[in-house]
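Number of protein chains: 2
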Amino acid sequence: MNWIVKESCFDKQLVTTNGNKYMLGNGYMGYRGTLEEFSKTELVAVTLAGLYDKEGDKWREPVNAPNGLLTKVFCNDQLLSVLDCEPVAHTQELNIRNAIHHRSTEYAVSDGGALTFTADRFVSQDNLHLLVSKYSIRSTQDCRVAIETGIDVDVWDINGPHLYGQKVQLKDEVLISSSVSGELKIPVVVAERAYFSFGEELLEDGAAVRRISFDARAGETYEWFKYVAVYTGLDADQPETEAVKSVHAAEALGYEALFKAHRLLWDERWSHSDVIIEGDEAAQFALRYSIYQLLIIAPTVSEKVSIPARGLSGQVYKGAVFWDTEMFMLPFFLHSDPKVVRNLMMYRIHTLDGARRKAAEYGFLGAFYAWESQDTGDDACTLFNVNDVFTGRPMRTYFRDKQVHISGDVVHGIWKYVQFTGDESLLTSGGAEVIWECARFFYSYAYYNSVKQRFEILDVTGPDEYHERVNNNAFTNALVKETLEIALRTAALLEAKYPEEYSQLSAPFSSGPFLKEFKTMLDSFYVPQPDPASLVIEQFDRYHTLEDVELTELKSRVLNKNEYFGGGNGLATTTTILKQADVVLMLNLFKHSFSKEVKQANWEFYEPRTEHGSSLSPCIYALVAADIGSPDWGYPYFMRTATVDLTGESKQYVGDLYIGGTHPAANGGAWMAAVLGFAGLDYDGGVVHINPSLPKHWQSVQLPVTLRGDTIQLRISKDEVTVITAADYSGDLVFSVQGGEGKSCSAGENLRLALSKREYKY
Amino acid sequence: MNWIVKESCFDKQLVTTNGNKYMLGNGYMGYRGTLEEFSKTELVAVTLAGLYDKEGDKWREPVNAPNGLLTKVFCNDQLLSVLDCEPVAHTQELNIRNAIHHRSTEYAVSDGGALTFTADRFVSQDNLHLLVSKYSIRSTQDCRVAIETGIDVDVWDINGPHLYGQKVQLKDEVLISSSVSGELKIPVVVAERAYFSFGEELLEDGAAVRRISFDARAGETYEWFKYVAVYTGLDADQPETEAVKSVHAAEALGYEALFKAHRLLWDERWSHSDVIIEGDEAAQFALRYSIYQLLIIAPTVSEKVSIPARGLSGQVYKGAVFWDTEMFMLPFFLHSDPKVVRNLMMYRIHTLDGARRKAAEYGFLGAFYAWESQDTGDDACTLFNVNDVFTGRPMRTYFRDKQVHISGDVVHGIWKYVQFTGDESLLTSGGAEVIWECARFFYSYAYYNSVKQRFEILDVTGPDEYHERVNNNAFTNALVKETLEIALRTAALLEAKYPEEYSQLSAPFSSGPFLKEFKTMLDSFYVPQPDPASLVIEQFDRYHTLEDVELTELKSRVLNKNEYFGGGNGLATTTTILKQADVVLMLNLFKHSFSKEVKQANWEFYEPRTEHGSSLSPCIYALVAADIGSPDWGYPYFMRTATVDLTGESKQYVGDLYIGGTHPAANGGAWMAAVLGFAGLDYDGGVVHINPSLPKHWQSVQLPVTLRGDTIQLRISKDEVTVITAADYSGDLVFSVQGGEGKSCSAGENLRLALSKREYKY
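This is the structure we're talking about:
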């Protein structure tokens, strides 16, 4: 089976795209899919999770560490670089099974000869601080070869510089680059050990790059290794000591042992997460690739970081965490590695104070989570997030102050985790506080309409960011309602099961607004409902009065290809054209509250009006298409989502803002579409419901799912669902297909549940 | 004393400006200050009050009638026109005392001779349908003269055409142009009688212009007359019959008798309204001119029209009625001719149903008055009122749907009238209904904040239109509060004094929301208050968080001289720069509710932040400057306001929208600044308070005031106030200066009230 992403030639135009496509990472750091001789011009980046820095009044963004893997090869004094010499042959490969990157380039050298340079590298899953690489050179002719390798301290920054007091020293054969971040004065250390068994080494005092020179004999292969460790002051009190220790330990183990440890962990990861699609190789590959992109950025260890909107592929979007995590990535991790979800949710708990500060800044109670969250939870989102292409002026946008659904998204995520895993300890570890503070925020944000006798949520921006400052956005109101319900449910749960913790946790809220007020608000809270005739739910008040223009017509009005469709004078703002799924997203989120007819009516109404200007959009249409029994409507949206980081065809600019990078929300969305959509898996802590809605050409979907401590295998075809349990299976789960009777099975047993033929709309 | 506006040469560049500056009018129609030979290219317009028409999907605007005064003179077959031949001498004059326009042009003719053409015209105040003109020709040499005169049926329209089925006929020597408006099919008739005592007349069948030819003898003066009547289907069932009758009657009376009747009425008008400023000729002239501009557009007869924002100077701003009338023009008419105010307020009563429709359109109760009101009260304001100069695209603006203070402005006007005149019949003639419906509108517009436990007014645009969609705009909230109070007060008044009418008028509101709800809302209604430390009242929620930029700095950011500072991406919207007085306007409106210190602090805070992008702005700063004893701060703002239509230096474009024309609100503002500001007159139906605050170089202000049926003369100097009463004075008024004891006097007596020296801040 295919686990390889591969280029067979070098195309300079694809350097940026491939930097994303060939990413490595381990949740602690990301390493862009660049080549060994590249520098910041080609956007080489070792992006660190959770370490942010602000330079002057520029945007705050994550710190990129110096690149310890810089390596340049010279033959007879000529630099061999794909950027300068047309290679004879070139391949770049990413093995997503093992998370290892390989490049091999053959260069023509003088007198008709050829020199082949290869490099393999991986970002260790076993030791998160470690970058490991193996290189080789082989020439068809004798020649003089020089290798320059060391640490590239000239890092790429979008809003830098971030590292000050750069200092390089050699200690016990280890090159050490030390610097300190500008804002928080956090030390950043990169230690590098290059192991050569040949050549003469030249390293000038204080230099970060050494030169190894030797006479290469024709036909002989020269191989060397590098071990690089990255530590910051956030990881250890003595990051330098730790980094050097790490590098020495790595060298002692050697490349193969390190790789084996890494590979075993990746085997383990795939055993919990690989999804097999029978009958669709393209979908199979794209989905697996999407899962890979999620795995390389998952915070498996730290509960102080979450997943940024562009993963660890650089500093785009300020390395900030958006609602993407809760709404688009959570389901994958919930089903495959719930402890990652716990980390992600703990990150929200740790950043509660930032959310409280934001609420207070705007005069509200409780917690208003950051639209763009970094280390402290303070909002990195500016009020001017896009530049107007016509005037070059910053444009006032309302992402930061009006996208209040973020607090509901966080609550949704926490509750999903608790429901799914049954791990109620999250609630007593701060989760309840987050939930209640978000509910308090919404209570203070809401207004009561005395004539209509109802609470409303005014002046918000929903997921469809082309329509800012709207009233009663259906999605937002539905989430506010859910937040209030969860707040009450949490209180009831804690009071019943953890009365001591409850009385302690709820004490600070005794003067209100608290449960009584939440209840009052819930009792007369307005959530837009389907129109009795059309079944369409109006996206927000007066949406139906907007110009109902065709998308093609709207696009024909474009004057500048990078112009932003939203903002003050955006083309879409006065029309019914949406940026992304909004009502339909709500229908998916609360799928059990709406009939198939309502879902279908809204899908049909909103889809033609959706520009899909966000990579988060198509997967939702795929999910709901599957839900209503029209998987083939959804299939193109699924494929578009699943291939976003393979094709590199996503939006690269909004206004003059570069927004390239990887798309973890789409990666998560692809998984959701395949598993929760087409395969029809639906578990909320009770029965495992399975209601498949497979695309015509899919024979089956097979996947492992980790539920309440058990990892089971599911094989879902059009005829039957097979549950394969392990020898140590607890026997606790109950399975139901197509809404039928719940069935259980014992360890080692294969439960086969027949499916009745479903009417598909193709 | 100077009553003459005059040009002494012809400047083609000034044709548009002078069209406004030399306006004639009588409230029924306006006649632009163009010359006899001009056509639509020079914006000739006979703009009719109250007759509107909509062509296709263009903006609805008033109808311009064909110009019955068109007259061209030819000498030896050469057209004599200032547009084509440089005249030897040329004067254009407007006598504002008599409201008569005069032009005299001397042209060089062949062989060194000269021909002088003069024309006098007036728009009769005695018969509102009548245009009257007298012409003369005198040549220094014998020559062949031809005169083309008749009706110019090729009318100027901004969004036309509006007249269809144009037909010209000659009946009993009267040329009659008949047509019908496009939308409402209202007949528009112009009847013209040209009286010549010389020459041969040639009139082709169906032609609208005749040709009179004759041999002019050197040194002899040839004089002729024209009588033109304009009638529409709104005026009479048989407009043609009426027009012809009118013209015949006029001819029978003759020019001099017609002019005398006109002049006497104007004498009468000035006797009720002229303000004499001793010590400042420039101010004297400008103020008198401002009063003239108000008098020519006052609806003295009809209660179906109000005064458009650009008077009757053309179709600019759709000929629509804005808040300008109530807030800026009302005071002048209240003091000089209260029956005009009654007409203006009856117009609002007649358009109540339009306001009800607008409220219902947006889902509110009661009456939401039109931002741009025409004949029906439906809103002529579009959602896209300005074009973006950078893209040429219509820009979504929030004049129409968010400037809710208009309903409060209307209520304020009605109550002012009732208070001032004591004429409570306005309340029982529909005024109470308007007041209650506006209060109901605000009740349904308001939202209750459960945490702050108060009603708020969200999402509005205040007078400062550069900041759209703000919450708790101080000005708006203050007006809402006043509306609720007036609603309750009206009910109490009617119930006590007119119980039968009250029970009938209030019956439709018995199911509420009505008085009980108004009371509830008032009891916890939020109006922004002065900050305890700075005394500054925040213009709206979070105004103080905006970029606090200097006006010069803001202007340095301008990229296109016509770019609009407001709207979605306007330069001012994200800064503290205001379009016009907003908080300061509120301080003026509710001057008795705020201390001098608060007024001064806000004047000093907001004035440097005010762009005065509206001609309504400077007068308010003049008023409040006078109020706080700093008249010389205010003087430049007064002068700027009073000269706006003399200099023609106001804004001509917003985006690519032409907004030229006269500025009646500024004219009214100039009067307010001089009389209510500097002279310090303050009457609200009780005591006549006078608290002068004269600019340094003003010796006195003298003016007639009509109060409760008495017309008295006031002479206000720095030392004393003299009240001069007529022989038939009722003796009912009480006068108080500088807050001192009230004094009264008897008929024919001159009451002298000494002033103590006031501390002025110069």
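Sequences listed follow chains V and C, in order. For the first sequence, the numbering used here assigns the number 16 to the initial residue and increments by one for each residue that follows. For the second sequence, the numbering used here assigns the number 16 to the initial residue and increments by one for each residue that follows. Where a beta carbon is used, it is the ideal one built from N, C-alpha and C, also for glycine. Keep in mind that this is a model prediction, so the values were computed, not measured.
Neighbours of M410 (chain C) across chain V, judged by C-beta separation under 8 angstroms: N584. Chain C has a Cβ within less than 7 angstroms of the Cβ of Y462 (chain V). Inter-residue distance for M38 (chain C) and L748 (chain C) is about 37 angstroms (C-alpha atoms, whole angstroms). A Cβ-Cβ separation of about 5 angstroms places Y463 (chain C) in contact with F470 (chain C) under the 8 angstroms criterion. The C-beta of T406 (chain V) comes closer than 7 angstroms to at least one C-beta of chain C. In this chain, the beta strand (DSSP E) harbouring Q93 (chain V) covers 93 to 95. As computed with DSSP, F137 (chain V) is found in a beta bridge with V:I115, V:V147. According to the DSSP secondary-structure assignment, I292 (chain C) is paired through a beta bridge with C:V716.
The Cβ atoms of V97 (chain V) and E121 (chain V) lie no closer than 7 angstroms to each other. Think of a sphere of 9 angstroms around the beta carbon of D474 (chain C): the chain V residues whose beta carbon falls inside it are L473, D474, R484, N486, in chain order.
Secondary-structure assignment with DSSP links D556 (chain V) through no beta bridge to anything.
Distance check between I552 (chain C) and each of C:D660, C:A694, C:V599, C:I311 places C:V599 closest, using alpha-carbon atoms only. Note on geometry: alpha-carbon atoms of A161 (chain V) and L178 (chain V) lie some 30 angstroms from one another. Residue pairing for Q184 (chain C): DSSP places it in a beta bridge opposite C:I191. Secondary structure within the region 378 to 413 of chain C: not one fully enclosed beta strand (DSSP E) run of 3 or more consecutive residues is present. Judged by their CB atoms, S422 (chain C) and F383 (chain C) are nearer to each other than the 7 angstroms cut-off. Interface annotation for the region 587 to 612 of chain V against chain C: T588, T589, criterion Cβ-Cβ distance under 9 angstroms.
Under the three-state reduction of DSSP, I472 (chain C) is assigned to coil, being neither helix nor strand. By the C-beta criterion, the region 543 to 559 of chain V is judged not to be in contact with the region 503 to 522 of chain V, since fewer than 3 inter-stretch pairs fall below 8 angstroms. Contacts with chain V at 7 angstroms (Cβ-Cβ) do not include S525 (chain C).
For Q418 (chain C), no beta strand (DSSP E) encloses it, and the DSSP letter there is neither H nor E. Two segments are said to touch when three or more pairs of C-beta atoms, one from each, lie closer than 8 angstroms; by this definition the region 652 to 669 of chain C does not touch the region 601 to 617 of chain C. For A502 (chain C) and P719 (chain C), the gap between their C-alpha atoms comes out near 32 angstroms.
For C634 (chain V), the closest alpha carbon among the candidates V:G692, V:E626, V:N174 is that of V:G692. When only Cα atoms are considered, I19 (chain C) and E480 (chain C) end up about 36 angstroms apart. Your pair N41 (chain V) and S148 (chain V) does not check out as a contact, with CB atoms roughly 15 angstroms apart and the cut at 8 angstroms.
In the displayed model, C634 (chain C) falls within a helix according to three-state DSSP. D250 (chain V) is outside the set of residues whose beta carbon lies under 7 angstroms from a beta carbon in chain C. The criterion of a C-beta distance shorter than 7 angstroms is satisfied by A685 (chain C) and L302 (chain C). Nearest to Q330 (chain V) by C-alpha distance, out of V:R284, V:E735, V:D68, is V:D68. Residue pairing of W18 (chain C) in beta bridges, as defined by DSSP: absent, with no partner found. Counting C-beta atoms within 10 angstroms of its own C-beta, V573 (chain C) has fewer than 16 neighbours from the protein chains shown and is therefore classed as exposed.
DSSP places F605 (chain V) in no beta strand (DSSP E); its state is neither H nor E.
Boundaries around Q107 (chain V) are those of the beta strand (DSSP E), 104 to 110, since no alpha helix (DSSP H) includes it. For the C-beta of D403 (chain V), the chain C residues within less than 9 angstroms are, from N- to C-terminus, F405, N584. In this model, E76 (chain C) and V168 (chain C) are separated by some 18 angstroms (Cα to Cα).
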